[in-house]
Structure formats: structure tokens, C-alpha cells
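A.B. asks:
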Amino acid sequence: MNKKYFVHQSSYVDEPCEIGEGTKIWHFCHIMSGCTIGKNCNIGQNVVISPDVVLGNNVKIQNNVSVYTGVTCEDDVFLGPSCVFTNVTNPRSHICRKEEYKKTLLQKGCTVGANSTIVCGHTIGKYALIGAGSVVTKDIPDYALVKGNPARISGFVCACGEKLMFENNVAQCKCGKKYEKQEDSVKEINQ
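Per the numbering used here, the sequence shown starts with residue 13, numbered consecutively.
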């Protein structure tokens, strides 16, 4: 069988899984059954992908991340080292709550910084940037830069990751993209 993806010999991939062409799964990972992993993903050392997780194309997961059931990452999502997801809001060792797993959606192009915690049941908007060590306890708007515990908006970023500076609610990034801001909402201005 000629696989079109790479799995290091120290990692386990349970069947059935769907793994896209060009994806690389590095040392000491466990990919559990029912996962869908897109093309050209990079899954770093010591990563666990729990059952039924969905990863889009070009998702980058750094070392020591557990992506639990209920998490969906759209295309181009970046998960920094040792970031953490939850899937139950009130876990107890002696009570099984698998039927209470909450969904967490990471939209296209967003970044979760190292050692951040993403509490389940929320959406991180497209191209949002979660600062290292932040604790996300609510939905995060598109392009928002958030940091702290709990994470709060401290600005907005371009799709390329540069911080946006608004004047009269309009910003142009050095990459050339333009944005318009209304309160805590930012959208790209089509040219």
C-alpha cells in the first residue's frame, strides 16, 4: 500500500481514519479512529488527535497538543506548542459525560498561541490570533488579537498576522490588504 502521507514509526494511527496527501505525523503521536485530517498538515511530536476530530488542509499542530473530540479546525489553522482544549465544562472522574461534549470551531487561518487554553463550546473567528498563555472563555471575532485570562481583545490583526492600526475605522496593512472596523467587528474591504 503506497500511502501519500508520512507517519513516523513511533506513532499510531487507528483505523478508520482519513488522512490527506502530503500530511506529516511526527514522533509519539496517536491519531484515533474516525479522524479526518486534510492535505499538507504537519502534526508535531507527542500530539493526540481524539476520535471524530476534523482538521482542514494545511493545519499546523506544534508539539504536546491534545485535540479532543468536538474540535474542528478549518484550513490553515495554527496550534502552538502545548495549547489545551477542553470538551466538557464540568468534568468529574466518576461521571461519564461523553454525550455532553461541546463543539469548538477554529475558523480559517486562526492562530492559537503556546500554552493557551480553549474552553469548549466557542468559536475562534477567521484569522484571529490568541496570544500565548491566554484562556479563551467566549467566542472570538474574526481578526481579533486577544490575550490574558480571560482572553480580551487588545487589537486586530491582518490575515498575514501583522497588527492593524485603524484611523477613522479603516486600516491598511503593509501587505496591502485593507480592513474596516465597526465596534468589535473587523472585515476585509474587497478591492
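Where is the CB? At the ideal position from N, CA and C, for every residue including glycine.
(1) With the cut-off set at 8 Å, would you say G34 and N52 are in Cβ contact?
(2) Closest to T101 by CA distance: which of D26, K110, P93, G121 is it?
(3) Near S62, what residues of its chain come up, given a Cβ to Cβ distance below 6 Å and the 5 sequence neighbours on each side ignored?
(4) Taking three-plus beta-carbon pairs below 8 Å as touching, is the stretch 135–149 in contact with the stretch 184–191?
(5) Between V89 and L118, is the Cβ-Cβ spacing less than 8 Å?
(6) Can you give the Cα-Cα distance for N202 and I37, rounded to whole angstroms?
(7) To the nearest angstrom, how far is the alpha carbon of G173 from that of G92?
(8) Give the straight-line distance between the Cα atoms of P162 and G143, rounded to the nearest whole angstrom.
(9) I'd like to know whether the C-beta atoms of P28 and G56 end up nearer to each other than 8 Å.
(10) Where does K110 sit, in a helix, a strand or coil, going by DSSP?
(11) Looking only at its chain, what residues have a beta carbon closer than 7 Å to the beta carbon of Q74, apart from the 5 residues adjacent to it on each side?
(12) How about G160 and Y139: do their beta carbons lie closer than 8 Å?
(13) Thinking just about the alpha-carbon of each residue, which of V65, N58, D64, V83 is nearest to the one in N76?
(14) Go ahead and label N70 buried or exposed: buried means 16 or more other beta carbons lie within 10 angstroms of its beta carbon, across all protein chains shown.
C.D. replies: Judging by the given coordinates:
(1) Taking 8 Å as the Cβ cut-off, G34 and N52 qualify as a contacting pair.
(2) Of D26, K110, P93, G121, the residue nearest in Cα terms is K110.
(3) Close CB contacts of S62 within its chain, under the 6 Å cut and outside five residues either way in sequence, are with M44, Y80, T81 (chain order).
(4) No: the two stretches stay apart, fewer than three of their Cβ pairs being nearer than 8 Å.
(5) Result yes, Cβ atoms of V89 and L118 sit closer than 8 Å.
(6) Rounded to the nearest whole angstrom, the C-alpha separation of N202 and I37 is 37 Å.
(7) Distance between the alpha carbons of G173 and G92 is about 14 Å.
(8) One alpha carbon belongs to P162, the other to G143, and they sit about 11 Å apart.
(9) Contact: no.
(10) Of the three classes helix, strand and coil, the one that applies to K110 here is helix, per DSSP.
(11) Here Q74 has G56, L91, G92, P93 as same chain residues with Cβ atoms under 7 Å from its own Cβ, once five neighbours each way along the sequence are excluded.
(12) No. Outside cutoff.
(13) Measuring from the Cα of N76, the nearest candidate turns out to be N58.
(14) Note on N70: 16 or more other CB atoms within 10 angstroms of its CB, so buried under the neighbour-count rule.
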